[in-house]
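At position 300 of the sequence shown (counting the first as 1) the number is 299 in numbering that gives the first Met the number 0, and the numbers step up by one without a gap. Yeah, the Cβ is synthetic: ideal placement off N, Cα and C, and Gly gets one too.
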Amino acid sequence: MRRKLPEQVLLQEVNRQVAELCRNRDGLKLMEVCGTHTMAISSSGIRRAVDPRLKLVSGPGCPVCVTEESDIDRAIGFAALKGVTVLTFGDMMRVPGTNGSLNDARAKGADVRVVYSPLDGLQMARQESEREFVFLGVGFETTAPTVAATVLEAEKLQVKNFSVLPLFKLIPPALKFIAARAQIRIDGLILPGHVSTVIGAQPYRFLVDRYRIPCCITGFEPRDILEGIFLLLQQIVKGPELTIQYRRSVRPEGNPQAKALMATVFKLVDANWRGIGKIARSGLGFKRRFARFDARQRFGVVAGKKSKRTGCACGDVMLGLKTPPECRLFARRCTPESPIGPCMVSSEGACAAYYRYER
Numbered sequence: 000m001r002r003k004l005p006e007q008v009l010l011q012e013v014n015r016q017v018a019e020l021c022r023n024r025d026g027l028k029l030m031e032v033c034g035t036h037t038m039a040i041s042s043s044g045i046r047r048a049v050d051p052r053l054k055l056v057s058g059p060g061c062p063v064c065v066t067e068e069s070d071i072d073r074a075i076g077f078a079a080l081k082g083v084t085v086l087t088f089g090d091m092m093r094v095p096g097t098n099g100s101l102n103d104a105r106a107k108g109a110d111v112r113v114v115y116s117p118l119d120g121l122q123m124a125r126q127e128s129e130r131e132f133v134f135l136g137v138g139f140e141t142t143a144p145t146v147a148a149t150v151l152e153a154e155k156l157q158v159k160n161f162s163v164l165p166l167f168k169l170i171p172p173a174l175k176f177i178a179a180r181a182q183i184r185i186d187g188l189i190l191p192g193h194v195s196t197v198i199g200a201q202p203y204r205f206l207v208d209r210y211r212i213p214c215c216i217t218g219f220e221p222r223d224i225l226e227g228i229f230l231l232l233q234q235i236v237k238g239p240e241l242t243i244q245y246r247r248s249v250r251p252e253g254n255p256q257a258k259a260l261m262a263t264v265f266k267l268v269d270a271n272w273r274g275i276g277k278i279a280r281s282g283l284g285f286k287r288r289f290a291r292f293d294a295r296q297r298f299g300v301v302a303g304k305k306s307k308r309t310g311c312a313c314g315d316v317m318l319g320l321k322t323p324p325e326c327r328l329f330a331r332r333c334t335p336e337s338p339i340g341p342c343m344v345s346s347e348g349a350c351a352a353y354y355r356y357e358r
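In structure tokens:
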């Protein structure tokens, strides 16, 4: 789109396009993959402003939401070891495992600390050499390069008491999982801006070439999202493409330096996604050279318990099969004050977004 339309005009164009497309179909479903998009759509009122025949559903793009219960249990197990400190971003503190959260573990005396970057954790490790520090490596392609750089720094400085629990997830394999399932009918994907800043556009090409799904990498302002929706609707008419709306941040080739950092330290591994299950080659583990930084190898694996049946529908929400209000726990037994599922805990979770802005 070369000419910038006023936001209200853009919204009118979106709704006009939806009306035309829905002459011959029941409705349209677009998935916003990133949790930041979900929050922006809810807080800006876009979902309520567009034609109701256009359904905007959430995808698996909230890093906290997709972290398995067993991995929370494993982190709590590390924190229970004598002389071990667990370091994490704040969002992870309240995410429930099978028997409590990191917050609960800290209340019982475990040394669990919130940090703002892995480098903060490395600094703590250097200052308190008598303790072991385990950083929870949670996140997508946006977080992994920073953690890789921290591991390289730890190697350079010969820091012996710093390790990482690698729980990283990769977005393209998750989208392949979604695209390959006929029951998850998606008419277009609003692709994540931040992840795409790192990996570029090419890793999504298969979605267009193999699955014929319209794709648009989109920014996070309400205007960006409306433009992304408009571009996807045009693709539905003319044929699927892979477009970049978020050109002020995303280059087709991505960030070569960040990709090189990941490739130096990590290798592709299978990963378990909360509420979804195992997805092949959708995670990152340490290469052999860096195995001593892998907390699982350093301390042994603390096995997680079998998931509890809570009735939480976060898995279906993250696959676009349900909206948060369609979960029978939403805003009843599951609230931000007393969350049962991770989508209600995270600041980027779909349930938290609906609870805050769309009830």
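Item: Return the first residue and the last residue of the beta strand (DSSP E) that Glu19 is part of.; Value: Run containing Glu19: none in the beta strand (DSSP E); it sits in the alpha helix (DSSP H), Glu6 to Leu20.
Item: Going by alpha carbons, who is nearest to Ser195 out of Gln244, Gln234 and Leu230?; Value: Gln244
Item: So, using beta-carbon positions, are Tyr203 and Ile216 closer together than 9 Å?; Value: yes
Item: Does the segment 276-294 come close enough to the segment 165-178 to have 3 or more Cβ pairs within less than 8 Å?; Value: yes
Item: For the segment 3-22 and the segment 329-347, state whether three or more C-beta atom pairs, one from each stretch, are separated by less than 8 Å.; Value: no
Item: Measuring CB to CB, does Phe329 end up less than 9 Å from Ala153?; Value: no
Item: Exposed or buried, Pro62, counting other C-beta atoms within 10 Å across all chains shown (16 or more means buried)?; Value: buried
Item: I'd like the span of the beta strand (DSSP E) that includes Tyr237, first residue to last.; Value: The identity of residue 237 in the sequence shown is Lys, whereas the question assumes Tyr. Looking at the DSSP string, Lys237 is not in any beta strand (DSSP E); the run it does join, the alpha helix (DSSP H), is Pro221 to Lys237.
Item: CB of Glu129 to nearest heavy atom of the ligand SAH: below 8 Å?; Value: Ligands displayed in this structure: none; no statement on the ligand SAH is therefore possible.
Item: Could you give the residue range of the alpha helix (DSSP H) that holds Glu152?; Value: Ala143 to Leu156
Item: Kindly indicate which three-state DSSP category Asp119 falls into: helix, strand or coil?; Value: helix
Item: Identify, in the order they occur along the chain, each residue of the same chain with its Cβ nearer than 6 Å to the Cβ of Pro191, setting aside the five sequence neighbours on each side.; Value: Val32, Cys33 and Gly60
Item: Please state the DSSP three-state secondary structure of Cys311.; Value: coil
Item: For Gly419, collect the residues of the same chain with a Cβ closer than 8 Å to its Cβ; drop the 5 residues on either side in sequence, then sort them by chain order.; Value: Nothing can be reported for residue 419: it is not among the residues displayed for the chain, which extend from 0 to 358.
Item: Between Tyr354 and the rest of its own chain, which residues show a CB-CB distance below 8 Å, the 5 nearest in sequence each way excluded?; Value: Pro323, Phe329, Ala330, Thr334, Pro335 and Met343
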